[in-house]
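K.L.:
For the protein sequence lines, the chains are A and B, in the order given. Every number in this note's numbering is 2 more than the matching position in the first sequence, counting from 1. Every number in this note's numbering is 24 more than the matching position in the second sequence, counting from 1. Below is the structure I would like to discuss, written out as structure tokens.
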Amino acid sequence: MPGTTPLTAVVATARVMPPAIETQDLIKEYGELRALQGLSLTVEEGEFFGLLGPNGAGKTTFINTLVGLVRKSGGDVRVFGHDVEAEYQQARDAIGLAPQEFNVDRFFPIREVLMHKAGYHGISEDEAGKRADEVLKRVGIYDKRDERFDWLSGGMKRRLLLARALVTDPDLLILDEPTAGVDVQLRHDLWDLVTELNEEGTTVLLTTHYIEEAERLCDRVAILNEGRKVTVATPDDLKKEGSDTISVTLESPPATPPSLGDYAQDAWLTGDALEVRVDDGGSTAPQLLHDLEAEGYDIVDLEITRTSLEEVFVDLTEREDKSVTRSGEGDAGGDGSDGEGDSPHGEGGDDEEPGPEREKDFLEQDQGGVV
Amino acid sequence: MWSVGSRALFQREILRFVRRPKNTFMPPAITNVLYFAVFGVILGGRIDQIAGFDYILFILPGLVVLGTISNAFENASFSIFHGRWNEYIHETLTSPLSYAEMVVAYVAASAVRGIIVGVIIAIVGRLFVPISLENGLYLVTIMATISVLFAGFGIIGGLVARDFDDLTVMNQFILRPLVFFGAVFYSLEMLDPIWQQVSLLNPMVLMVDGVRYGLLGYSDLAAIGPSAYADYVPLASLAALIGVTTLVVLLDIYLFKIGYGLTD
Numbered sequence: 003m004p005g006t007t008p009l010t011a012v013v014a015t016a017r018v019m020p021p022a023i024e025t026q027d028l029i030k031e032y033g034e035l036r037a038l039q040g041l042s043l044t045v046e047e048g049e050f051f052g053l054l055g056p057n058g059a060g061k062t063t064f065i066n067t068l069v070g071l072v073r074k075s076g077g078d079v080r081v082f083g084h085d086v087e088a089e090y091q092q093a094r095d096a097i098g099l100a101p102q103e104f105n106v107d108r109f110f111p112i113r114e115v116l117m118h119k120a121g122y123h124g125i126s127e128d129e130a131g132k133r134a135d136e137v138l139k140r141v142g143i144y145d146k147r148d149e150r151f152d153w154l155s156g157g158m159k160r161r162l163l164l165a166r167a168l169v170t171d172p173d174l175l176i177l178d179e180p181t182a183g184v185d186v187q188l189r190h191d192l193w194d195l196v197t198e199l200n201e202e203g204t205t206v207l208l209t210t211h212y213i214e215e216a217e218r219l220c221d222r223v224a225i226l227n228e229g230r231k232v233t234v235a236t237p238d239d240l241k242k243e244g245s246d247t248i249s250v251t252l253e254s255p256p257a258t259p260p261s262l263g264d265y266a267q268d269a270w271l272t273g274d275a276l277e278v279r280v281d282d283g284g285s286t287a288p289q290l291l292h293d294l295e296a297e298g299y300d301i302v303d304l305e306i307t308r309t310s311l312e313e314v315f316v317d318l319t320e321r322e323d324k325s326v327t328r329s330g331e332g333d334a335g336g337d338g339s340d341g342e343g344d345s346p347h348g349e350g351g352d353d354e355e356p357g358p359e360r361e362k363d364f365l366e367q368d369q370g371g372v373v
Numbered sequence: 025m026w027s028v029g030s031r032a033l034f035q036r037e038i039l040r041f042v043r044r045p046k047n048t049f050m051p052p053a054i055t056n057v058l059y060f061a062v063f064g065v066i067l068g069g070r071i072d073q074i075a076g077f078d079y080i081l082f083i084l085p086g087l088v089v090l091g092t093i094s095n096a097f098e099n100a101s102f103s104i105f106h107g108r109w110n111e112y113i114h115e116t117l118t119s120p121l122s123y124a125e126m127v128v129a130y131v132a133a134s135a136v137r138g139i140i141v142g143v144i145i146a147i148v149g150r151l152f153v154p155i156s157l158e159n160g161l162y163l164v165t166i167m168a169t170i171s172v173l174f175a176g177f178g179i180i181g182g183l184v185a186r187d188f189d190d191l192t193v194m195n196q197f198i199l200r201p202l203v204f205f206g207a208v209f210y211s212l213e214m215l216d217p218i219w220q221q222v223s224l225l226n227p228m229v230l231m232v233d234g235v236r237y238g239l240l241g242y243s244d245l246a247a248i249g250p251s252a253y254a255d256y257v258p259l260a261s262l263a264a265l266i267g268v269t270t271l272v273v274l275l276d277i278y279l280f281k282i283g284y285g286l287t288d
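So this is what it looks like as structure tokens:
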């Protein structure tokens, strides 16, 4: 049939589409400190991918390597198949970044800031104006379009960072702690928006400290710790890595916990309840009940407490810490230093946001050669 | 090299200083009114002509150079350093502009500011004394060259600086003394031969002399050099400046490429 593409060709094309992000043995060193230690990660196109990790895990360093704000010390990094250094223009054109820091141009009203950003991406002035209006409406701060950044509230500033990331219509949206310090309503608004974008086909890379956020939004999650990948899995699979607790209320509790099968990792008594830690509460509960009844206990109630992703996260990163400490093999990144905001480069650490007073001082210093 | 993206950055840079005339254009205008009034009219009236020109006319090209290069330098260095300090230069760095496009946009905008200030100073001078343009094409070329040169130096300054004090040091303690000893207020012919030779080590002499040649048709360097080469001196100065300017802009692009002062 003329004008149609055979299914095999579509499948073949789909197969050769490069991943949105692909890193191999990525290393970033700041002198003695290794912020990223051989990180290999693949994020598929269209995926909603989460990066979890404690402070200093290397999340922001990883993101900044993708956009060119950090130069890698080793390894290979590609965005949609484009090497981030050899083909930096193509790689950066595909990315929209909403960073943690409020790194916004203070000289111009926010609509113009967005137009400039779009312009840098080769978008004509007319089109840039339309897009700026569109994204400002989408994030809900269109009525503030003629204000300068410093006059926005904290929540509006977060929205603007997202708008700036969206104004270039990126294929890969990177959100670095987008909901840090925002109220519940805004957090939910942002969640809805990025979910919508992802459903429209945009690949999303999200770093967050909020486990609930990752659990709710992400298709897959990578846990980083001290520049290393601890694991990559779906939130559900991750939760399976943790343990559940079955709480069985007994009619006549014994003085000490009864002996149970190998399925019980641990058991203890809390008042009338026997608490048993198991790998998977749902599949283990019938066996536990059977064993207790066989021993003559009358069961009054049963409750299973599922592992939260947060507990798994803490468990995994603690486990990683212990293994790193035990191995003690020249781990320069294992000193607890923060590989993100603590670069030797200096100014503008993660927590160092210029306040209005500081900003005022800077603006006043542009005296333009006085002659 | 001159894409939609670099045009957008150029436009942003132009708007930044055009919208702040109190910081960018008024200070040099007012300062030069004072210079012309005090040095040109009050003191200049008691000073003999230099090389056949009234003193106020003789110093005018040097003041144009001083205003042009200090503003070109100031604009580029401030824009880069302020962007680094507040990290909004990331908007540019994370864009798909090539490093050459970024540098060309920053340098071109700063050079434009330098030239605008130079023209303002010339207009202020015109209020005090009639000016005739002797070598118009040469003047335009050398003004463009020195503006680009110092915009290029400003980029380096903005990348190297660790604090705003560093920018002040560069402008006030390096640029300005060099220009003042660059034969702005005196003729090289007034110096002993040994100091004439020392003055030739100061690159500002080439610029002041070149602009003076463009405006007044007189070159100090041609006057003190061998008469056989006198006609070639202004062109040799211009060629040397264009060469240095090219090298400085290439160095800017290289620094952007390696991310000096810009990336971790």
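Beta carbons are placed, not taken as given, at the ideal position from N, Cα and C, and that holds for glycine.
Scan the region 43-125 of chain B and note each continuous alpha helix (DSSP H) run of 4 residues or more that stays entirely inside, going in chain order.
P.N.:
Within the region 43-125 of chain B, the complete alpha helix (DSSP H) runs of at least 4 residues are 45-48, 50-59, 79-109, 114-117.
K.L.:
Could you check the C-alpha separation between Val222 (chain B) and Asp78 (chain B) for me, to the nearest Å?
P.N.:
Here residue 222 (chain B) is taken as the residue at index 198 of the second sequence, counted from 1. Here residue 78 (chain B) is taken as the residue at index 54 of the second sequence, counted from 1. Distance between the alpha carbons of Val222 (chain B) and Asp78 (chain B) is about 26 angstroms.
K.L.:
Run through chain B and tell me which residues come within less than 8 angstroms of Gln91 (chain A), C-beta to C-beta.
P.N.:
For this step, residue 91 (chain A) is matched to residue 89 along the first sequence. The answer, in chain order, is Pro120, Leu121, Ser122.
K.L.:
Classify Ile282 (chain B) as buried or exposed, calling it buried when 16 or more other Cβ atoms lie within 10 Å of its own Cβ.
P.N.:
Position 258 of the second sequence holds residue 282 (chain B). That one is exposed.
K.L.:
Do you know offhand how far Gly70 (chain A)'s Cα is from Gly76 (chain B)'s?
P.N.:
Residue mapping note: residue 70 (chain A) aligns to position 68 of the first sequence, counting from 1. Residue mapping note: residue 76 (chain B) aligns to position 52 of the second sequence, counting from 1. If I take the Cα positions, the gap works out to 58 angstroms.
K.L.:
What residue range is occupied by the uninterrupted alpha helix (DSSP H) comprising Asp300 (chain A)?
P.N.:
Stepping through the first sequence from its first residue, residue 300 (chain A) is reached at position 298. Run containing Asp300 (chain A): none; DSSP gives neither H nor E here.
K.L.:
Report the three-state DSSP secondary structure of Lys74 (chain A) (helix, strand or coil).
P.N.:
By one-based count along the first sequence, residue 74 (chain A) stands at place 72. Correct three-state label for Lys74 (chain A): coil.
K.L.:
How would you call His106 (chain B), buried or exposed, if buried means at least 16 neighbouring beta carbons within 10 angstroms?
P.N.:
For this step, residue 106 (chain B) is matched to residue 82 along the second sequence. Counting Cβ neighbours within 10 Å, His106 (chain B) comes out buried, since at least 16 surround it.
K.L.:
By alpha-carbon positions, which one of B:Ser122, B:Phe209, B:Tyr130 ends up nearest to Ile71 (chain B)?
P.N.:
Taking the second sequence and counting its residues from 1, the one referred to as residue 71 (chain B) is at position 47. If we check each option's Cα against that of Ile71 (chain B), B:Phe209 comes out closest.
K.L.:
Compare the C-alpha of Arg236 (chain B) against each of B:Pro85, B:Leu58, B:Phe49, B:Arg40 and name the closest.
P.N.:
As a first step, residue 236 (chain B) must be located in the second sequence, where it is residue number 212. Residue B:Pro85 is the option with its Cα nearest to Arg236 (chain B).
K.L.:
Within the same chain, show all residues whose beta-carbon is closer than 8 angstroms to that of Ile80 (chain B), passing over the 5 residues directly before and after it, in chain order.
P.N.:
For this step, residue 80 (chain B) is matched to residue 56 along the second sequence. Phe60, Phe63, Gly64, Val65, Gly68, Gly149, Phe152, Val153.
K.L.:
Using 8 angstroms as the limit for Cβ to Cβ distance, is Thr84 (chain A) near chain B?
P.N.:
Translated into the one-based positions of the first sequence, residue 84 (chain A) becomes position 82. Going by the sequence as given, residue 84 (chain A) is His instead of Thr. Taking Cβ atoms only, chain B never reaches closer than 8 angstroms to His84 (chain A), which makes this a no.
K.L.:
Among the residues of its own chain, which have a CB less than 7 angstroms from the CB of Gly131 (chain A), if the five just before and after it don't count?
P.N.:
For this step, residue 131 (chain A) is matched to residue 129 along the first sequence. Result list for Gly131 (chain A): Met117, in chain order.
K.L.:
Flag Thr169 (chain B) as yes if its beta-carbon sits less than 8 angstroms from any beta-carbon of chain D, otherwise no.
P.N.:
The chain labelled as chain D is not found among the protein chains of the depicted structure, namely A and B.
K.L.:
Looking at the structure shown, is Glu277 (chain A) part of a helix, part of a strand, or coil, going by DSSP?
P.N.:
Position 275 of the first sequence, counting from 1, holds the residue named residue 277 (chain A). Note: Glu277 (chain A) maps to strand in three-state DSSP.
K.L.:
Are the Cβ atoms of Leu252 (chain A) and Asp268 (chain A) separated by less than 8 angstroms?
P.N.:
Taking the first sequence and counting its residues from 1, the one referred to as residue 252 (chain A) is at position 250. Taking the first sequence and counting its residues from 1, the one referred to as residue 268 (chain A) is at position 266. No, these two residues do not count as a Cβ contact at 8 angstroms.
K.L.:
Tell me the residue span of the beta strand (DSSP E) that contains Glu31 (chain A).
P.N.:
Locating residue 31 (chain A) in the first sequence gives position 29, counting from the first residue. It spans 23-32 - the beta strand (DSSP E) in which Glu31 (chain A) sits, taken as one unbroken run.
K.L.:
Could one say the Cβ of Leu279 (chain B) lies closer than 8 angstroms to chain A's Cβ atoms, at least one of them?
P.N.:
One-based indexing of the second sequence puts residue 279 (chain B) at position 255. With 8 angstroms as the cut-off, Leu279 (chain B) does not count as an interface residue toward chain A.
K.L.:
Under a Cβ-count criterion, where at least 16 other Cβ atoms within 10 Å of its own Cβ denotes burial, should Thr272 (chain A) be classed as buried or exposed?
P.N.:
Position 270 of the first sequence holds residue 272 (chain A). It is exposed - the Cβ of Thr272 (chain A) has fewer than 16 other Cβ atoms within 10 Å.
K.L.:
Enumerate in chain order the residues of its own chain whose CB-to-CB distance from Asp27 (chain A) is below 8 angstroms, with the five nearest sequence positions on each side excluded.
P.N.:
In the first sequence, the residue the question calls residue 27 (chain A) occupies position 25. Counting only Cβ-Cβ distances below 8 angstroms, and skipping sequence neighbours, we find Gly40, Leu41, Ser42, Gly76, Gly77, Asp78.
K.L.:
If we define contact as Cβ-Cβ less than 8 angstroms, is Val128 (chain B) a contact residue for chain A?
P.N.:
Residue mapping note: residue 128 (chain B) aligns to position 104 of the second sequence, counting from 1. No, Val128 (chain B) lies away from the interface with chain A (no Cβ there is under 8 angstroms from its Cβ).
K.L.:
If you reduce the DSSP assignment to three classes, tell me which class Glu215 (chain A) lands in.
P.N.:
Here the question's residue 215 (chain A) lines up with position 213 in the first sequence. Residue state, collapsed to three classes: helix.
K.L.:
At a CB-CB cut-off below 7 angstroms, which residues of chain B make contact with Phe315 (chain A)?
P.N.:
Within the first sequence, the letter at position 313 stands for residue 315 (chain A). Within chain B, no residue comes near Phe315 (chain A); the closest Cβ sits about 27 angstroms away, beyond 7 angstroms.
K.L.:
Determine, using beta carbons only, whether Tyr212 (chain A) comes closer than 8 angstroms to chain B.
P.N.:
Sequence index remark: in the first sequence, residue 212 (chain A) carries index 210 (1-based). It does not; no Cβ of chain B falls within 8 angstroms.
K.L.:
Starting from the beta carbon of Phe109 (chain A), find every residue of chain B whose beta carbon is closer than 7 angstroms, and list them in chain order.
P.N.:
Counted from its first residue, the first sequence places residue 109 (chain A) at position 107. Within chain B, the residues near Phe109 (chain A) are Arg40.
K.L.:
Between Ile218 (chain B) and Ala124 (chain B), is the Cβ-Cβ spacing less than 8 angstroms?
P.N.:
Counting from one through the second sequence, the residue named residue 218 (chain B) turns up at place 194. Counting from one through the second sequence, the residue named residue 124 (chain B) turns up at place 100. No, they are not a contact pair.
K.L.:
So with CB distances below 7 angstroms, who are the chain A contacts of Arg36 (chain B)?
P.N.:
Within the second sequence, numbered from 1, the residue matching residue 36 (chain B) stands at position 12. Near Arg36 (chain B) (Cβ distances below 7 angstroms), the residues of chain A are His118.
K.L.:
When we look at the beta-carbon of Arg328 (chain A) and count the other beta-carbons within 10 Å, is it buried (16 or more) or exposed?
P.N.:
The residue given as residue 328 (chain A) occupies position 326 in the first sequence. Annotation note: pLDDT 45 at Arg328 (chain A) (below 50); position unreliable, no value reported.
K.L.:
Could you check whether Glu49 (chain A) and Ala22 (chain A) sit closer than 8 angstroms to each other, using their CB atoms as the reference points?
P.N.:
As a first step, residue 22 (chain A) is located in the first sequence; it is residue number 20 there, counting from the start. As a first step, residue 49 (chain A) is located in the first sequence; it is residue number 47 there, counting from the start. It is a contact, given that the beta carbons lie within the stated cut-off.
K.L.:
I want to verify the contact list: residues of chain B whose CB lies under 8 angstroms from the CB of Arg36 (chain A), in sequence order.
P.N.:
In the first sequence, counting from the first residue as 1, residue 36 (chain A) sits at position 34. Ordered by position in chain B, no residue passes the 8 angstroms Cβ test against Arg36 (chain A), which lies about 13 angstroms from the chain.
K.L.:
Taking the straight line between their C-alpha atoms, what separation do you get for Gly336 (chain A) and Glu228 (chain A)?
P.N.:
Translated into the one-based positions of the first sequence, residue 336 (chain A) becomes position 334. Translated into the one-based positions of the first sequence, residue 228 (chain A) becomes position 226. With a pLDDT of 35 at Gly336 (chain A), under the threshold of 50, the modelled position of that residue is not reliable, and the figure given next carries that caveat. When rounded, the distance between both Cα atoms is 6 angstroms.
K.L.:
Nearest to Val86 (chain A) by CA position, among B:Leu117, B:Ile113, B:Gln35, B:Ser101, is which residue?
P.N.:
The residue labelled residue 86 (chain A) in the question sits at position 84 within the first sequence. Of the listed residues, the one whose Cα sits closest to Val86 (chain A) is B:Leu117.
K.L.:
Tell me the residue span of the alpha helix (DSSP H) that contains Arg36 (chain A).
P.N.:
Translated into the one-based positions of the first sequence, residue 36 (chain A) becomes position 34. Careful: Arg36 (chain A) lies outside any alpha helix (DSSP H), inside the beta strand (DSSP E) at 35-45.
K.L.:
If you compare alpha carbons, which of A:Gln91, A:Ile29, A:Glu47, A:Gly33 is closest to Gly61 (chain A)?
P.N.:
The residue given as residue 61 (chain A) occupies position 59 in the first sequence. Residue identity differs from the one stated: residue 61 (chain A) is Lys in this sequence, not Gly. Among A:Gln91, A:Ile29, A:Glu47, A:Gly33, the Cα nearest to that of Lys61 (chain A) belongs to A:Ile29.
K.L.:
Tyr284 (chain B) versus chain A: which residues are under 7 angstroms apart at the beta carbon?
P.N.:
Translated into positions along the second sequence, residue 284 (chain B) becomes position 260. Near Tyr284 (chain B) there are no residues of chain A at all, since even the closest Cβ is about 11 angstroms away, more than 7 angstroms.
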